[in-house]
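Numbering-wise, the sequence shown is residues 1 to 143 according to UniProt numbering. Have a look at the structure below before the remarks.
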Amino acid sequence: MTFQETLFNSYAHGVTSVEQCQAWFSTLDIDEQQQALRNVLSLLIQAHPSPAMIQQAATDGPIKPTMTPVVILLKHSLAVAVTKLERLPNSESSKSFALALFIFGQADRHRRAVVCQAGCSHEWHQFDYQAWALANATSLSFI
Numbered sequence: 001m002t003f004q005e006t007l008f009n010s011y012a013h014g015v016t017s018v019e020q021c022q023a024w025f026s027t028l029d030i031d032e033q034q035q036a037l038r039n040v041l042s043l044l045i046q047a048h049p050s051p052a053m054i055q056q057a058a059t060d061g062p063i064k065p066t067m068t069p070v071v072i073l074l075k076h077s078l079a080v081a082v083t084k085l086e087r088l089p090n091s092e093s094s095k096s097f098a099l100a101l102f103i104f105g106q107a108d109r110h111r112r113a114v115v116c117q118a119g120c121s122h123e124w125h126q127f128d129y130q131a132w133a134l135a136n137a138t139s140l141s142f143i
């Protein structure tokens with residue numbers, strides 16, 4: 001897994017927080033932020049969040065329910081919403097990132113509890129995120 005995939009999955013596994021991931025995101029330049037947003041959106045699609053999860057994120061998520069990324073996700077199918085989120089101005093990237101990461105975490109936790117409950121071969125469900133965080137603590141000031 002790439003660094004970003006590991007970081008985002010460490011959030012889904014409860015090792016890092018949305019706030020820690022947002023702090024990391026804020027250290028990136030605009031191009032790197034756009035790439036990180038695309039990467040988390042890709043993971044979001046793979047996690048298959050339900051409409052109920054997206055609705056819950058509008059209420060419980062890290063950004064206000066009236067903000068553009070929330071409205072887009074509530075109004076459109078996931079595929080259409082992801083495309084629209086990728087095309088938002090750079091000023092919306094941080095909000096889109098936080099919301100996508102939050103929903104990805106919910107969907108992945110649900111998938112592990114329901115679909116992969118009896119075990120699975122998904123690399124990202126078998127990875128030791130605690131050990132990764134400890135091994136990278138000096139280079140990851142946000143942890």
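Backbone N, C-alpha and C fix where the C-beta goes; we use that ideal spot for every residue, glycine too.
Could you give the first and the last residue of the continuous alpha helix (DSSP H) run that contains residue i?
i: F25; result: V18 to S26
i: S42; result: I30 to A47
i: residue 149; result: This structure leaves residue 149 out entirely; the chain is present only between 1 and 143.
i: residue 150; result: Only positions 1 to 143 of the chain appear in the structure, and residue 150 is not among them; the question remains open.
i: L134; result: Y129 to A135
i: Q117; result: It is not in any alpha helix (DSSP H) - Q117 carries neither H nor E in the DSSP assignment.
i: H125; result: E123 to Q126
Spatial neighbours of residue i within its chain, please: CB distance less than 8 Å, with the 5 preceding and 5 following residues excluded, ordered by chain position.
i: G61; result: V70, A98, L99, F102 and I103
i: N39; result: T2, Q4, E5 and F8
i: A58; result: P65, V70, L73 and L74
If you draw a straight line from the C-alpha of residue i to the C-alpha of residue j, how long is it?
i: I54; j: L134; result: 32 Å
i: K95; j: I63; result: 7 Å
i: N90; j: L37; result: 11 Å
i: K84; j: L43; result: 16 Å
Can you check whether the C-beta of residue i is within less than 8 Å of a C-beta belonging to chain C?
i: R111; result: No chain C is present in this structure, which holds just one protein chain.
Counting only the same chain and skipping the five closest in sequence on each side, list residues whose C-beta sits under 6 Å from that of residue i.
i: W124; result: N9
i: H13; result: Y129
Exercise for the section: Determine, using beta-carbon pairs with one atom in the region 104-116 and one in the region 45-57, whether at least three such pairs fall under 8 Å. Expected result: Result yes; three or more Cβ-Cβ pairs closer than 8 Å.
Exercise for the section: Decide yes or no for the touch test of the region 15-22 against the region 71-84: beta carbon pairs closer than 8 Å, at least 3 of them. Expected result: With a cut-off of 8 Å, the region 71-84 and the region 15-22 do not count as touching, because too few Cβ pairs lie within range.
Problem - Whole alpha helix (DSSP H) elements within the region 47-81, 4-residue minimum - result: Runs found: 51-60 and 68-75.
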